[in-house]
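Worksheet for the structure shown next.
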Amino acid sequence: MTALAHVPTGSGQSAPPPASRRGRYRLLPYLLLLPGTAWLFLFFALPLLQLAAASLYDPSGSLSTGYAMTWAFSNYWDAFQAYWPHFVRSFVYSAIALVLALLMGYPLAYGIAQKAGRWKNLLLVCVVAPMFTSFLVRTLAWKTILSDNGWLVGLLRDVHLLGPDGRLLATPVAVVLGLTYNFLPFLVLPLYASLERLDYRLLEAASDLYASPLRAFRRVTLPLSMPGMIAGTLLFFIPATGDYINAELLGTPNEYMIGNVIDSAFLVRLDYPQGAALSFLLMAAILAIVFVYLRKAGTEEVL
Amino acid sequence: MRRWLADRWVMGVALLVLGYLSLPILVVAGLSFNRPSSRLSYDFNEFTLDNWRHPCATSAMCDAVVRSMEIGLIATVVSTILGTLMAFALVRHGFRGRSGINGLIFLPMATPELVMGTSLLALFVAAGVPQGFWTIVIAHVMFCVSFVVVTVKARLAGMDRRLEEAAMDLYASEWQTFRRITLPLVLPGIVAAALLAFSLSFDDFIITNFNAGTTVTFPMYVWGAAQRGIPPQVNVIGTAMFVIALLLVGAGSLRGRRARRANLAAPVAGGGQAKPAS
Numbered sequence: 001m002t003a004l005a006h007v008p009t010g011s012g013q014s015a016p017p018p019a020s021r022r023g024r025y026r027l028l029p030y031l032l033l034l035p036g037t038a039w040l041f042l043f044f045a046l047p048l049l050q051l052a053a054a055s056l057y058d059p060s061g062s063l064s065t066g067y068a069m070t071w072a073f074s075n076y077w078d079a080f081q082a083y084w085p086h087f088v089r090s091f092v093y094s095a096i097a098l099v100l101a102l103l104m105g106y107p108l109a110y111g112i113a114q115k116a117g118r119w120k121n122l123l124l125v126c127v128v129a130p131m132f133t134s135f136l137v138r139t140l141a142w143k144t145i146l147s148d149n150g151w152l153v154g155l156l157r158d159v160h161l162l163g164p165d166g167r168l169l170a171t172p173v174a175v176v177l178g179l180t181y182n183f184l185p186f187l188v189l190p191l192y193a194s195l196e197r198l199d200y201r202l203l204e205a206a207s208d209l210y211a212s213p214l215r216a217f218r219r220v221t222l223p224l225s226m227p228g229m230i231a232g233t234l235l236f237f238i239p240a241t242g243d244y245i246n247a248e249l250l251g252t253p254n255e256y257m258i259g260n261v262i263d264s265a266f267l268v269r270l271d272y273p274q275g276a277a278l279s280f281l282l283m284a285a286i287l288a289i290v291f292v293y294l295r296k297a298g299t300e301e302v303l
Numbered sequence: 001m002r003r004w005l006a007d008r009w010v011m012g013v014a015l016l017v018l019g020y021l022s023l024p025i026l027v028v029a030g031l032s033f034n035r036p037s038s039r040l041s042y043d044f045n046e047f048t049l050d051n052w053r054h055p056c057a058t059s060a061m062c063d064a065v066v067r068s069m070e071i072g073l074i075a076t077v078v079s080t081i082l083g084t085l086m087a088f089a090l091v092r093h094g095f096r097g098r099s100g101i102n103g104l105i106f107l108p109m110a111t112p113e114l115v116m117g118t119s120l121l122a123l124f125v126a127a128g129v130p131q132g133f134w135t136i137v138i139a140h141v142m143f144c145v146s147f148v149v150v151t152v153k154a155r156l157a158g159m160d161r162r163l164e165e166a167a168m169d170l171y172a173s174e175w176q177t178f179r180r181i182t183l184p185l186v187l188p189g190i191v192a193a194a195l196l197a198f199s200l201s202f203d204d205f206i207i208t209n210f211n212a213g214t215t216v217t218f219p220m221y222v223w224g225a226a227q228r229g230i231p232p233q234v235n236v237i238g239t240a241m242f243v244i245a246l247l248l249v250g251a252g253s254l255r256g257r258r259a260r261r262a263n264l265a266a267p268v269a270g271g272g273q274a275k276p277a278s
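Sequences listed follow chains A and B, in order. Last residue of the first sequence? That's 303 in UniProt numbering, and every number before it is there in order. Last residue of the second sequence? That's 278 in UniProt numbering, and every number before it is there in order.
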């Protein structure tokens with residue numbers, strides 16, 4: 001522990017430490033890294049390998065009789081064929097939620113970063129505040145807000161945006177609203193971080209050069225906020241696509257996403273090979289989208 | 001005039017969005033004073049203080065809260081220690097395989113929780129490990145470590161190394177330098193990381209759900225109760241958590257402000273880069 005404080009490349013340091021001490025320092029970083037790395041290897045990397053193996057088990061096995069490794073690549077195709085609508089639904093819901101979140105999150109991040117003045121910190125706390133309390137309890141609160149007897153449904157019925165029997169709860173609208181709500185702070189925070197560094201004088205320069213506000217936004221603000229936008233959309237999209245809590249609590253089986261299927265494959269139907277294959281398909285799909293997105297967005301270094 | 005309108009327009013939308021974000025918390029706080037008409041009803045019925053007076057009327061819920069706290073505390077201590085050591089190695093030392101380690105730290109944050117949960121389940125089942133309290137702790141430490149590393153790293157990287165060099169120049173031993181200079185300067189980062197780890201652990205549902213066996217944490221309890229009817233005391237716990245976290249943040253920012261003012265008052269003694277709290 002003592003050597004934690006050692007500064008290996010101090011500016012203008014005098015003589016290098018004696019050789020024996022340097023030997024100790026060469027090992028030190030590995031000692032510091034060992035416990036954490038071992039933990040991540042054992043309980044993050046190794047399980048992924050085990051999951052990959054499980055996805056190739058003979059699907060006719062069961063938990064009680066045991067599984068045989070048969071390299072059954074057909075598990076992937078079977079799982080996809082059986083559940084592709086859930087995959088499509090997951091990506092459609094989280095894409096719509098992402099668009100909504102950008103429409104709401106951008107003005108929010110911009111407002112806090114550039115217009116809030118001395119209220120900045122207070123408003124930032126308000127953005128994070130929802131995360132202070134339980135995710136599940138907050139999602140259940142949406143059940144109250146969207147309930148058939150609630151004021152929101154009443155209001156929408158009165159202005160005829162909803163039919164007299166129209167409802168919000170147990171519809172795709174509720175699930176998308178829940179997704180948008182639950183992951184919005186993850187989008188806003190990185191966006192805020194990059195908008196906060198935006199130099200307002202650049203916008204003044206643009207307007208001095210006869211750019212309309214819209215054009216100034218498109219040519220100056222938007223490109224400069226790109227790093228935050230990329231990080232934020234990924235932090236939103238990855239958990240939203242894998243989420244199944246909103247679909248379970250606010251929707252019906254008609255709104256179930258791929259997460260619900262994986263959850264029941266592992267915990268209800270106990271079909272491990274299928275659950276594992278679905279998990280990997282989900283991860284592969286997300287990675288592919290993230291990869292294409294990063295290529296399109298033109299940045300290699302994110303986060 | 002147009003600029004004025006544009007300014008107000010953005011702030012108007014921003015406040016509306018903040019309203020959207022705050023609405024569920026207000027509902028949770030409101031429902032904590034509700035006497036529901038039936039077990040499966042989520043609508044506001046009648047004002048009562050009973051839920052706050054008897055928060056443990058449903059003892060299974062309070063057991064679950066206590067279990068979540070135990071798991072949270074153990075996972076926080078372990079992940080904070082592991083993550084802080086890793087952060088020191090990454091910021092302060094050169095070594096081979098840095099990019100591999102960085103990848104191993106980054107990947108858990110980019111992997112869907114669902115996949116981490118199912119893969120750990122697959123491992124525990126294959127290895128014949130019975131699931132319960134300790135498998136939850138293992139899982140929580142795993143996903144908290146990365147966040148601890150990132151948080152502590154940020155604090156370490158922003159630190160002025162000349163302070164440590166000055167201490168060494170003034171004949172402080174390495175241990176003294178670490179104890180008196182490095183640790184106090186990094187401590188806010190470590191505390192922030194620990195708080196983050198605790199809140200991540202306390203609130204985790206997805207990974208826990210796959211690795212809990214029959215152990216019931218607070219989120220697991222809420223999930224199970226959602227099928228059979230939620231006791232209103234769940235909202236009491238939700239509101240209390242929110243208030244406690246808010247008080248912690250408030251206390252932290254107050255301390256930070258006082259420290260900054262102290263720095264300004266004594267620019268020679270305490271000024272410069274040495275900020276005891278952020």
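Each residue gets a CB set at the ideal place from its N, CA and C atoms; glycine is no exception.
Problem set entry | Contact the region 216-232 of chain B vs the region 130-140 of chain A: 3+ CB pairs below 8 Å | yes
For this session: Establish whether the CB of Lys275/B and some CB of chain A are separated by less than 9 Å.
Result: With a pLDDT of only 41 at Lys275/B, under 50, the local geometry of the prediction cannot be trusted, and the value read off the model is given with reservation. Not one chain A Cβ lies under 9 Å of Lys275/B.
Exercise. From Tyr30/A, Phe87/A, Gly275/A, pick the residue whose C-alpha is nearest to that of Asn254/A; which is it?
Worked result: Phe87/A
For this session: Return the chain-ordered list of same chain residues with a C-beta closer than 8 Å to the C-beta of His54/B, the five sequence neighbours on each side being excluded.
Result: Gln233
For this session: Work out the CA separation of Leu168/A and Val13/B for me, nearest whole Å.
Result: 23 Å
Problem set entry | Identified DSSP bridge partners for Asn34/B | Phe47/B
Exercise. Roughly how many whole angstroms lie between the Cα atoms of Phe80/A and Tyr256/A?
Worked result: 15 Å
For this session: Specify the secondary structure class of Arg158/B as computed by DSSP and reduced to three states.
Result: In the sequence on display, residue 158/B carries Gly and not Arg. Coil.
Exercise. Looking only at C-alpha atoms, which of Gly94/B, Asn45/B, Ala60/B sits nearest to Val216/B?
Worked result: Ala60/B
Exercise. Which residues share a DSSP beta bridge with Ser62/A?
Worked result: Gly66/A
For this session: Measure from the alpha carbon of Glu113/B to the alpha carbon of each residue in Phe33/B, Ser201/B, Phe242/B, then state which is nearest.
Result: Ser201/B
For this session: Pull up the DSSP beta-bridge partners for Tyr57/A, would you.
Result: Met69/A
For this session: Can you grab the Cα-Cα spacing for the pair Phe218/B / His140/B, in whole Å?
Result: 14 Å
Problem set entry | Burial state of Asn182/A (16 or more Cβ within 10 Å) | buried
Exercise. Can a CB atom of chain B be found closer than 9 Å to the CB of Trp84/A?
Worked result: no
For this session: Count the C-beta pairs between the region 279-293 of chain A and the region 194-209 of chain A that are closer than 8 Å, then say yes if the count reaches three, no if not.
Result: no
For this session: Look at the alpha carbon of Pro184/B and the alpha carbon of Val150/B, and state the distance between them as a whole number of angstroms.
Result: 18 Å
Exercise. Is the Cβ-Cβ distance between Thr239/B and Ser32/B less than 9 Å?
Worked result: yes
Exercise. Heavy atom of the ligand GDP less than 8 Å from the Cβ of Arg255/B, yes or no?
Worked result: The model depicted lacks the ligand GDP and carries no ligand whatsoever.
Exercise. So Thr84/B and Val152/B are in contact, right, with Cβ under 8 Å, and what is the actual spacing, rounded?
Worked result: 5 Å
Exercise. Can you give the Cα-Cα distance for residue 321/A and Arg197/A, rounded to whole angstroms?
Worked result: Outside the displayed span of chain A (1 to 303) sits residue 321/A, for which this structure offers no information.
Exercise. If you check the beta carbons only, do Leu187/A and Thr233/A fall under 9 Å apart?
Worked result: yes
For this session: List the residues of chain A that Tyr171/B touches, going by C-beta distances under 8 Å, in chain order.
Result: Simply none; closest approach about 13 Å.
Exercise. When the Cα atoms are used, what is the spatial distance from Pro35/A to Leu82/B?
Worked result: 6 Å
Exercise. The region 23-43 of chain B: which residues have C-beta closer than 7 Å to a C-beta of chain A, in chain order?
Worked result: Leu23, Pro24, Ile25, Val27, Val28, Leu31, Tyr42, Asp43
Exercise. Residues in its own chain within less than 7 Å of Ile181/B by CB, not counting five upstream and five downstream?
Worked result: Leu163, Glu164, Ala167
Exercise. Between Leu249/A and the rest of its own chain, which residues show a CB-CB distance below 7 Å, the 5 nearest in sequence each way excluded?
Worked result: Thr139, Leu140, Lys143
Exercise. DSSP three-state call for Tyr200/A: helix, strand or coil?
Worked result: helix
Exercise. Hey, out of Ile138/B, Ala262/B, Leu187/B, whose CA is closest to residue 317/B's CA?
Worked result: In this structure chain B extends from 1 to 278, so residue 317/B is not present and cannot be described.
For this session: Identify whether Ser41/B lies in helix, strand or coil by the three-state DSSP scheme.
Result: coil
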